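Below is one structure, written out as structure tokens; the observations come after it.
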Amino acid sequence: MRLGFSTHFYVHEYFDIIHINEIKYLGYEEIELWGMPPVLDLTDKERIKRVKEYLEEKGIRVISFHGPLYKRTADPASREWLYLSSSKENKRKEAVEKNIEIIRLIEDFKASILVLHIDLEEGADTRQAINNFRKSLEELIGETSKKGIRIAIENTHEHTVSGKLRELINTYPERDVGICLDIGHANIFEDPSDAIKIAGERLIHTHLHDNDGNSDLHLWVGRGDIDWKSVTKAASEINYQGVLMLELRKEKSLAGLEADNMSKILGI
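In structure tokens, the structure reads:
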């Protein structure tokens, strides 16, 4: 199994050459780009071009993009959240359009996976929200399928545990839709190793971070209570062929974040 690094690590920063050098220094060769500002500002074409060219120069491959969850990074109350599940058609369409902008970048960067959330607006009826999300998903498949891009739907809350995600995606072709299993999120709502086995052959992507089983902390692997060797054993048992993508919160020091060290903790 291969280990990757998400630029979620730089969620409050303008991703540029200095960050690419840092990722290279740590020993990662495959990354996920966080598809939201300031990490990626779609209006800053010059920076996007510079990032793309420098990643290629350094031999770092972008394999996935995280679809946009909000329009700007700020205090959570003022982020202008995007909901593919919105019951307000104009809001739902806005979220679809923002993801289509990212799909164009995925094609340009020669990546192959778009990660989506089924986030729910406050007070939303869950069943109706899932139906709204399906409508958005089908519109996005119309864009991704012809480009050879797969959509990976991520588990984020109790309504998207592995079994429910599996039920949702079973109606869509494997070539178009799979599961992104976030191991940290799984640790809050179910057993992570069991979740991997339930996702089975529909597991196409992962996010790795640690926590205490109660809160979404995005700790470095090995700093919470997840049994990581059990996780990677389960992934091996289902013949998972994707990347183990670290999605971590930044700390003051990079010590211990080297790819070799993370691999040892994971037992890969």
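Position 128 of the sequence shown, counting from 1, maps to 131 under the working numbering, and the rest follow consecutively.
Backbone N, C-alpha and C fix where the C-beta goes; we use that ideal spot for every residue, glycine too.
Everything numeric in this text was worked out from a predicted model, so none of it was measured.
Alpha carbon of residue i to alpha carbon of residue j, nearest angstrom
| i | j | result |
| --- | --- | --- |
| residue 32 | residue 20 | 15 Å |
| residue 57 | residue 257 | 21 Å |
| residue 239 | residue 54 | 33 Å |
| residue 151 | residue 118 | 14 Å |
| residue 249 | residue 8 | 5 Å |
| residue 243 | residue 202 | 10 Å |
| residue 168 | residue 182 | 7 Å |
| residue 263 | residue 187 | 21 Å |
| residue 4 | residue 70 | 24 Å |
| residue 112 | residue 176 | 24 Å |
| residue 235 | residue 68 | 23 Å |
| residue 114 | residue 50 | 18 Å |
| residue 220 | residue 107 | 31 Å |
| residue 285 | residue 227 | Residue numbering for the chain in the displayed model covers 4 to 271; residue 285 lies beyond these limits and cannot be assessed. |
| residue 85 | residue 72 | 5 Å |
| residue 16 | residue 241 | 36 Å |
Close beta carbons around residue i, own chain, < 8 Å, minus the five adjacent residues each side
| i | result |
| --- | --- |
| residue 194 | none |
| residue 217 | 191 |
| residue 179 | 144, 147, 148, 153, 154 |
| residue 99 | 87, 139, 142, 143 |
| residue 13 | 22, 37, 42, 253 |
Contact set for residue i: own chain, Cβ-Cβ below 7 Å, skip 5 residues either direction
| i | result |
| --- | --- |
| residue 75 | 40, 82, 83 |
| residue 229 | 186, 190, 195, 213 |
| residue 18 | 10, 42, 43, 54 |
| residue 135 | 88, 89, 90, 95 |
| residue 64 | 32, 33 |
| residue 129 | 123, 162 |
For residue j and residue i, believed in contact at Cβ under 8 Å, the rounded distance
| i | j | result |
| --- | --- | --- |
| residue 110 | residue 66 | No, residue 110 and residue 66 are not in contact; Cβ-Cβ is about 13 Å, not under 8 Å. |
| residue 29 | residue 211 | Not really, about 15 Å apart at Cβ, beyond 8 Å. |
| residue 137 | residue 172 | With 8 Å as the limit, residue 137 and residue 172 do not qualify as a contact, their Cβ atoms being about 10 Å apart. |
| residue 6 | residue 199 | Actually they do not touch by this definition, with Cβ atoms about 16 Å apart. |
| residue 245 | residue 209 | 6 Å |
| residue 163 | residue 116 | Contact doesn't hold; Cβ gap of about 17 Å is too wide. |
Residue i burial status per 10 Å Cβ neighbour count (16 or more: buried)
| i | result |
| --- | --- |
| residue 104 | exposed |
| residue 10 | buried |
| residue 267 | exposed |
| residue 174 | exposed |
| residue 93 | exposed |
| residue 159 | buried |
| residue 48 | exposed |
| residue 126 | exposed |
| residue 161 | exposed |
Residue(s) in a DSSP beta bridge with residue i
| i | result |
| --- | --- |
| residue 248 | 7, 210 |
| residue 256 | Answer is none; residue 256 lacks a bridge partner. |
| residue 155 | 118, 181 |
| residue 65 | 34 |
| residue 84 | 73 |
| residue 45 | Partner(s): none; residue 45 has no beta bridge. |
| residue 222 | 213 |
Close-in-space but distant-in-sequence residues of the same chain around residue i (CB under 6 Å, 5 per side omitted)
| i | result |
| --- | --- |
| residue 132 | 88, 123 |
| residue 225 | 268 |
| residue 223 | 251 |
| residue 27 | 61 |
Neighbour flag for residue i against chain B, beta carbons, 8 Å
| i | result |
| --- | --- |
| residue 237 | As a matter of chain content, chain B is missing from the structure shown, which is built from one protein chain. |
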